[in-house]
Structures are given as C-alpha cells and as structure tokens.
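What follows is a single structure, written as structure tokens, with notes after it.
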Amino acid sequence: MLKVIERAKVWFAISLTIIIVGMVAWAVKGLNLGIDFKGGTVVTIKMNSEPNNDVLEEIRKISAKYDSSAQVQKVGTDEVTIRGNSITDEQIPKLYKEIKDKYNLKDANPRQTDRIGPSIGKELRRNAIYLSLAAVVLMLIYISLRFEFKFGVAAVIALIHDVLVTITVYVLLQIPVNSSFVAAILTVLGYSINDTIVVFDRIRENNKKHAFATKRELVNASITQTLTRSINTVLTTLFTITALYLVGVTSVKDFALPLIIGILSGTYSSIFIASPIWYYWTERKIA
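Read left to right, the sequence shown gives residues 191 to 477 (this note's numbering).
Here's what the structure looks like:
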C-alpha cells in the first residue's frame with residue numbers, strides 16, 4: 191500500500207516550490223504573449239507546392255530579420271502564415287519579396303495581410319479567463335452534488351495547481367502563449383478532473399464498506415487501487431500526444447505541448463494533491 195498521506199507535506203512542498211518559482215518568474219519576466227493576445231500582423235503566402243519542414247525553417251529565418259519572435263506555420267496544403275508582433279506595414283513588401291525571390295513565386299500568388307489589434311487581444315484574454323473560471327465553477331458544482339463539497343474544493347485546488355504548473359513551464363521557457371494554449375488548458379482541466387474523480391469515487395466506495403480503520407488507510411488504499419489505471423491512462427495518452435508533438439506542424443505542437451505538461455501535472459495532482467487535501471480537511475487538520 192502506498193504511503194501517500196504520510197508524505198503529504200513533501201508533495202505539497204514540491205508543488206509549492208514549483209509554483210512559487212513560476213510566479214516569481216512571471217512577475218519578473220511576464221508571460222510571452224503571442225499575437226493572439228498581444229496583437230500584431232499575420233501574413234499569408236501561397237507557395238508553389240506544399241512546404242516541408244526545411245522550407246518552413248528557411249522562411250522562419252527570413253522572417254526573423256523583421257521580427258525575431260515571428261512564428262511560421264503551414265496552413266492547408268500550400269500556404270504559409272507568418273505571425274509577428276512587430277512587423278510593420280513598410281516591412282511586409284520586403285519580407286514578401288525575399289520569400290518570392292527565393293522560391294520563385296509569381297506576383298499573382300495570393301497574399302493576405304491581417305492586423306490583430308491590442309483590443310482584440312485583450313478581449314481574447316478576458317474571454318479565456320471567463321471560460322476557465324466558468325469551467326472550474328461548473329466542475330465544483332457537479333462534484334459537490336455528485337460527491338460532497340469537500341471533494342469539490344479539493345478537486346478545484348488540484349485544477350488550479352495544474353494550470354499554475356503549466357504556466358510556470360511557459361514562463362520559465364518563455365514559450366509563446368496563444369489561443370491553442372487556452373484550448374489545451376481547458377482540455378487539461380477536463381482530463382485532470384476525470385482522473386481525480388476516479389480516485390474520489392474509490393475513496394467513497396471504500397468508505398461505505400468501512401473496510402479500513404482510519405481515514406489515512408482509506409485514502410492510501412484507494413490511491414493504490416486506482417494507481418495502475420492512472421498510470422496506464424496517462425502513458426497511453428502521452429504516447430499519442432508526444433508523437434503529435436514530435437512529428438506535427440507548429441500549430442499542432444502549440445496545442446500538444448501544454449497538453450503534455452498539464453496531463454503529467456494532472457495525474458500528479460489527482461494522486462498527491464487532491465486526495466491529501468480532502469484527507470486533512472476531513473480530519474480537521476486544516477481549515
């Protein structure tokens with residue numbers, strides 16, 4: 191039987207350390223907001239054929255001359271988008287000419303330029319926060335009705351933990367945060383709560399059977415009984431998402447990376463964070 195509760199302070203200390211480091215880095219460096227949130231320019235260029243990774247890398251090098259943080263993505267079968275925060279109207283013709291000359295593009299090749307203003311980025315940030323909060327509140331209500339309020343609060347704390355850990359990695363590595371990040375975070379919230387509910391459901395079942403003398407044994411045994419399921423689920427999920435990250439295009443990688451971080455954090459929190467919080471609250475050792 192795993193001794194999870196006995197080492198709960200260790201698990202809490204690990205999580206708090208990671209989150210505190212992330213929050214300090216966030217205060218110092220800030221999030222590296224992508225064009226979706228910060229505003230900028232999107233240039234779409236039609237190529238003569240489907241661009242491979244070498245072509246995308248070459249275009250990325252050309253784009254870096256005008257914006258060192260520019261992101262290059264393949265769209266559809268033969269189009270490339272260049273997304274930059276600081277590409278000016280005067281630079282766009284020069285950027286396009288370099289790419290046109292290098293790949294012998296025709297002047298008639300369609301080229302589209304879109305501007306995303308700061309106000310649109312601000313609205314996206316606000317909507318992302320509202321969506322995340324709404325998801326968390328609805329989960330709290332559901333778990334409180336399905337189980338009990340203490341289970342709901344413990345699960346929500348675990349969800350907040352997962353979001354903060356993911357943000358920590360993004361801040362420390364200065365990975366651009368875009369709309370794919372928001373979609374991935376909402377997916378992680380759903381995955382994490384599912385894993386937590388499995389553990390809580392086993393705790394409730396074992397509690398009804400009165401098979402354990404203490405709450406500590408109850409929680410430890412329930413986590414042990416569901417551990418194999420948790421490990422198998424996270425491994426099979428990670429195999430698929432990691433493969434997508436390794437072979438996918440940039441837009442797929444932007445979605446897969448926060449999923450990988452969040453799923454690992456979600457599995458950890460459902461075992462080592464949510465359950466111990468419920469135990470300590472039930473035993474009146476906190477709150």
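Here a beta-carbon is modelled for each residue, glycine too, at the ideal position from N, C-alpha and C.
For residue i: DSSP bridge partner residues
i: T423; result: Per DSSP, none; premise fails for T423.
i: T231; result: G274, R305
i: Q261; result: R273
i: V367; result: L223
i: K236; result: E269
Same chain, Cβ closer than 7 angstroms to residue i, neighbours up to 5 away in sequence not counted
i: I208; result: V355, T358
i: E240; result: T267, D268
i: F402; result: N396, L408, A411
i: A477; result: Below a pLDDT of 50, predicted positions are generally treated as unreliable, and A477, at 41, falls in that range; no measurement from the model is reported.
i: R316; result: none
i: I450; result: L428, I431, T432, Y435
Own chain partners of residue i with C-beta closer than 8 angstroms, once the 5 adjacent residues on each side are dropped
i: M191; result: E407, N410, A411, T414
i: A136; result: With the chain covering 191 to 477 only, the question about residue 136 has no answer from this structure.
i: Y293; result: M237, N238, V245
Where residue i sits in the DSSP three-state scheme
i: D385; result: helix
i: G266; result: coil
i: T432; result: helix
i: K296; result: coil
i: T354; result: According to the sequence as given, residue 354 is Leu; it is not Thr. Reduced to three states, the DSSP call for L354 is helix.
i: F462; result: helix
i: L221; result: coil
i: Y360; result: helix
i: G438; result: coil
i: L291; result: The residue you asked about is not Leu; residue 291 is Asp in the sequence shown. D291 falls in the helix class under three-state DSSP.
i: V194; result: coil
i: K255; result: coil
i: I209; result: helix
i: I448; result: A small correction: the amino acid at residue 448 is Pro; Ile does not occupy that position in the sequence shown. Helix, per DSSP.
i: F337; result: coil
i: T404; result: coil
i: E280; result: coil
i: N242; result: coil
i: I319; result: helix
i: E473; result: coil
Whole-angstrom C-beta distance between residue j and residue i, which should lie under 8 angstroms
i: F206; j: V367; result: Inspection of the sequence shows that residue 206 is occupied by Leu rather than by Phe. Incorrect: roughly 23 angstroms between the Cβ atoms, too far for contact.
i: S322; j: I375; result: 6 angstroms
i: I463; j: I387; result: Not a contact, Cβ separation roughly 14 angstroms.
i: S369; j: L434; result: With a Cβ gap of about 17 angstroms, S369 and L434 do not count as contacting.
i: G452; j: D385; result: Incorrect: roughly 11 angstroms between the Cβ atoms, too far for contact.
i: I272; j: V262; result: 6 angstroms
i: I235; j: V270; result: 5 angstroms
i: L425; j: S382; result: Going by Cβ atoms, the distance from L425 to S382 rounds to 16 angstroms, so no, they are not a contact pair.
i: R394; j: F337; result: 6 angstroms
i: F445; j: A345; result: 24 angstroms between Cβ atoms; not a contact.
i: K405; j: E473; result: 6 angstroms
Beta-carbon contacts of residue i that lie in its chain and below 6 angstroms, excluding the five residues immediately before and after
i: F371; result: P448
i: E288; result: I252
i: L362; result: A215
i: I277; result: T231, Y256, D257
i: G342; result: L330, I333, S334
i: L379; result: A325, L349
i: Q364; result: N222
i: G274; result: G230, T231, D257, A260
Taking 8 angstroms as the threshold, find out whether the region 265-283 comes into contact with the region 215-231 through three or more Cβ pairs. yes
Okay, do the region 414-424 and the region 325-335 touch, 3+ Cβ pairs below 8 angstroms being the bar? no
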